[in-house]
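Position one of the sequence shown corresponds to residue 17 (this note's numbering), numbered consecutively onward. Don't be surprised by glycine CBs; every beta carbon is placed ideally from N, CA and C. To start, the structure under review is shown below, and the notes come after it.
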Amino acid sequence: MQAMGAARHVACYQRWIAGQEAGLGELEASSANAAAGRATDGELRAVVERCMRGYAEYVSTRRALAREDGAALFAPPWCTSFENSVLWIGGCRPSLTIRLLYSLSGEGLEEHIEEFISGRGALGAARGMGLLGITARQLELVNDLHRRTLRDEDALSDRLATLQEDVADRPLLPIVRERATAAAAALGAGASCDGLATRTRLVVATPEGAVDHEVDAAIGRYKAGLGRLLEEADELRMSTAQTLVTEILTPRQAVETLVAAKQLHLKVRSWSRRGEAAVTQPARSPVTLPPAPSSNP
17 MQAMGAARHV ACYQRWIAGQ EAGLGELEAS SANAAAGRAT DGELRAVVER CMRGYAEYVS
77 TRRALAREDG AALFAPPWCT SFENSVLWIG GCRPSLTIRL LYSLSGEGLE EHIEEFISGR
137 GALGAARGMG LLGITARQLE LVNDLHRRTL RDEDALSDRL ATLQEDVADR PLLPIVRERA
197 TAAAAALGAG ASCDGLATRT RLVVATPEGA VDHEVDAAIG RYKAGLGRLL EEADELRMST
257 AQTLVTEILT PRQAVETLVA AKQLHLKVRS WSRRGEAAVT QPARSPVTLP PAPSSNP
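Structure, rendered in structure tokens:
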């Protein structure tokens with residue numbers, strides 16, 4: 017990634033983290049006010065909408081960056097190795113937001129999920145369940161959203177696997193085979209070792225300062241495909257969160273869910289940086305032990 021492009025990617029990420037921190041502070045204050053009865057649903061809804069606008073702006077900026085270099089966002093160097101290991105198409109899995117809601121609501125909600133799916137929970141439609149007071153109707157909507165989100169995640173994962181296979185099987189592998197065949201032909205012609213090495217450099221590798229246009233085009237198509245997948249994954253992340261917090265949950269439930277999501281993101285980031293810094297710190301100087309006493313008198 018060129019320096020100017022890298023700078024834009026880093027700046028986008030830094031703005032996003034700053035927004036996450038500021039948004040968490042506002043959401044936590046709103047949560048405390050709601051618990052004390054000092055916040056109306058309208059005020060809480062306004063906070064949720066501001067949070068989602070910030071998310072939408074981030075997605076829009078990433079869309080432009082993905083079209084420049086989609087590959088750069090799949091394992092970004094500004095994230096720790098642990099953060100990158102849990103990324104799914106350049107971000108978190110959309111279904112994680114729903115699983116976070118289940119976890120936040122407590123074990124009681126999971127028991128009611130089984131009741132609802134089996135048909136035993138239909139009579140409790142007006143009764144709040146779990147720590148957030150999720151109703152049976154809300155649970156039905158959350159379960160439907162979860163199923164749709166998992167289906168869409170699987171479809172994107174399959175497309176990513178196909179894209180990775182295609183770039184090796186179709187554009188790149190034949191190129192390698194053609195060059196290997198040409199090198200073998202040169203050997204069969206009785207080329208000397210030095211001559212073979214020269215021919216191999218000309219066929220397998222590109223001359224310094226030149227560009228192998230065929231390989232370059234294949235990689236370019238692959239990066240463009242990654243960029244399109246990342247755009248769709250970001251849209252799925254956005255739409256899942258938007259549906260959950262603005263269409264299914266109450267304003268207070270939405271605030272609590274967004275607080276937990278931002279806390280999780282920032283805590284993982286902080287913890288992984290501390291852990292990585294500890295691993296990369298220079299090892300302490302070994303302790304020098306005194307020499308063993310001589311066995312001679």
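- The three-state reading of DSSP puts Ile235 in helix, counting H, G and I together.
- Sequence-distant partners of Leu147 (beyond 5 residues in either direction) whose C-beta falls short of 6 angstroms from its own C-beta, in its chain, are Ser121 and Gly122.
- Between the alpha carbons of Gln269 and Ser46 lies a distance of about 12 angstroms.
- Remark: C-beta atoms of Leu274 and Val284 do not approach each other more closely than 9 angstroms.
- Beta-carbon to beta-carbon, Thr165 and Pro110 are separated by about 5 angstroms, close enough to satisfy the 8 angstroms threshold.
- Pairing Arg163 with Arg115, the inter-Cα distance amounts to about 12 angstroms.
- Considering only Asp232, Leu172, Thr96 and Gly107, the residue with the shortest C-alpha distance to Phe90 is Gly107.
- Residue range Ala152 to Val183 is occupied by the alpha helix (DSSP H) that includes Val158.
- Not a single unbroken stretch of the beta strand (DSSP E) spanning 3 or more residues falls wholly within the stretch 47-99.
- Secondary structure note for Thr113: its alpha helix (DSSP H) is the uninterrupted segment Ser111 to Ser121.
- Our two residues, Leu282 and Trp32, have alpha carbons roughly 11 angstroms apart in a direct line.
- A residue is called buried when at least 16 other Cβ atoms come within 10 angstroms of its Cβ; Pro267 meets this threshold and is buried.
- When only Cα atoms are considered, Ala87 and Cys95 end up about 14 angstroms apart.
- Under DSSP, Trp287 shares a beta bridge with no residue.
- Secondary structure at Gly149: coil, using DSSP grouped into helix, strand and coil.
- One alpha carbon belongs to Leu179, the other to Cys28, and they sit about 26 angstroms apart.
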